[in-house]
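Numbering (this note's numbering), first residue to last: 1 to 209.
Glycine is no exception: its CB is placed at the ideal position from the N, C-alpha and C atoms.
On a predicted model such as this, the values are computed, not experimentally measured, just so you know.
Have a look at the structure below, then the notes.
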Amino acid sequence: MSWVSVVLLACLAVCVGAAAEVRDTLREQPPYPVWPDRFHAVSQQKRGEDLGIVDLYYDWPRGGNLNLIRQADGPIFDMEWGNGTSYVYTPATQKCKVVKFGVGLLPPDWLHGAQYLGRETVGLFECHKWQKGDSDAPGVPFVVYWDAVAEDAAQAQRRPVQWRFFDGMQFNVVYFTPHEAVPESVWQTPAYCFEQGEGEGGGRAEAAR
Ligand SMILES: *[C@@H]1O[C@H](CO)[C@@H](O)[C@H](O)[C@H]1NC(C)=O
1 MSWVSVVLLA
11 CLAVCVGAAA
21 EVRDTLREQP
31 PYPVWPDRFH
41 AVSQQKRGED
51 LGIVDLYYDW
61 PRGGNLNLIR
71 QADGPIFDME
81 WGNGTSYVYT
91 PATQKCKVVK
101 FGVGLLPPDW
111 LHGAQYLGRE
121 TVGLFECHKW
131 QKGDSDAPGV
141 PFVVYWDAVA
151 EDAAQAQRRP
161 VQWRFFDGMQ
171 FNVVYFTPHE
181 AVPESVWQTP
191 AYCFEQGEGE
201 GGGRAEAAR
C-alpha cells in the first residue's frame, strides 16, 4: 500500500466518522420548544448574588406578559405589552415607570431556529439545551435555554427548566402551570401610571420633582 492510499484511508475513516456524528446529533434533535399560549411560571431569579422570586404570567392572546417580582417591601409589577411599552410599578409606594423597550412580546414559537446543544442535567431534570441570538459580547448568545426532556417525543409543549441571558440574569423555573390565566384586575394598569404622562420616573415620581 502506498503512503498516498494510507493517507486516503485515514482521511476516509475520520470523515465517515465525523459524518456519522453529525447524523446522530441531527437524529437526536427534538422539536423546538413551543410555549403554551398562556402559562404561569414561578421562578427563582438570580443575578450575581441577588436572589428573587418572580411570577411570570404569559398571555399571548392578550398580548402581554406580567412579571410579579416579590421582595421584602412589597411586590414590583413589570407589565410588558406587545406594543413595546412596559409599566413597572409598585403598589406599596404608588410609583410607576413607563419604559419603551421596543422588542414587543415573544411569540410562543420564539425558540424556532434555536441552535440545539444536546442534553444536560439541570437540578432534577434531564434537559435539552438550546441557544438563541447574539449579544454584543463576541461568542455569548443572547439566551441559553433548557427544557425538560419530554416522556413523549412528539409532545410539542415541554416544561421550561432554566434560562440565562447574556448579562448573567438567570431564571430557574420552580412551578410551571400551562394555560393558567390571571384575574382580569391584575391586567389593569393602575391610574397612577398615567397621571403625569410617560417617561422615566412618571406618575408620582415625576410630580415630586
Ligand atoms: C400598549 O398597549 C397597552 C395595552 O393594550 C396600552 O394600555 C398602552 O396604552 C399601549 N401603549 C402605547 C404607547 O400604544
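(request) Please name the residue in 100, 170, 82 whose C-alpha comes closest to that of residue 51. (result) 170
(message) If the criterion is Cβ atoms closer than 8 Å, does the pair residue 175 and residue 163 meet it?
(response) In terms of Cβ geometry, residue 175 and residue 163 do not form a close pair [threshold 8 Å].
(request) Evaluate the contact criterion for the segment 176-190 versus the segment 32-41: three or more CB pairs, one atom per stretch, below 8 Å. (result) yes
(message) Considering just the uninterrupted stretch of the beta strand (DSSP E) at residue 218, what are its terminal residues?
(response) Residue 218 falls outside the range modelled here, since the chain spans only 1 to 209, and no answer is possible.
(message) Helix, strand or coil, according to DSSP, for residue 80 in the structure here?
(response) strand
(request) Give the DSSP-derived three-state secondary structure of residue 188 in the structure shown. (result) In the structure shown, residue 188 sits in coil (DSSP, three-state: anything other than H, G, I, E or B).
(message) Just to confirm my understanding: we take residue 147, look at its own chain, exclude 5 residues before and 5 after, and list those with CB closer than 8 Å. What are they?
(response) 33, 127, 128, 130, 158, 159, 160, 161
(request) To the nearest angstrom, report how far apart residue 91 and residue 185 are at their CA atoms. (result) Answer to the nearest angstrom: the Cα atoms are 13 Å apart.
(message) Let me check you understand the geometry: is the CB of residue 67 closer than 7 Å to at least one non-hydrogen atom of ligand 1?
(response) No; taking the cut-off as 7 Å, the Cβ of residue 67 has no heavy atom of ligand 1 nearer than that.
(request) For residue 83, verify whether its CB is less than 7 Å away from any heavy atom of ligand 1. (result) Yes, since a heavy atom of ligand 1 falls inside the 7 Å radius drawn around the Cβ of residue 83.
(request) For the segment 103-188, list the alpha helix (DSSP H) runs that are entirely contained and at least 4 residues long, ordered along the chain. (result) Those alpha helix (DSSP H) runs which fall completely within the segment 103-188 and span 4+ residues are 184-187.
(request) Would you kindly work out how many angstroms separate the C-alpha atoms of residue 57 and residue 67, rounded to a whole number? (result) Taking the CA atoms as reference points, residue 57 sits about 7 Å from residue 67.
(message) Given this structure, state the Cα-to-Cα distance separating residue 124 from residue 106, to the nearest angstrom.
(response) 27 Å
(request) Check whether the Cβ atoms of residue 168 and residue 47 lie closer than 8 Å to each other. (result) yes
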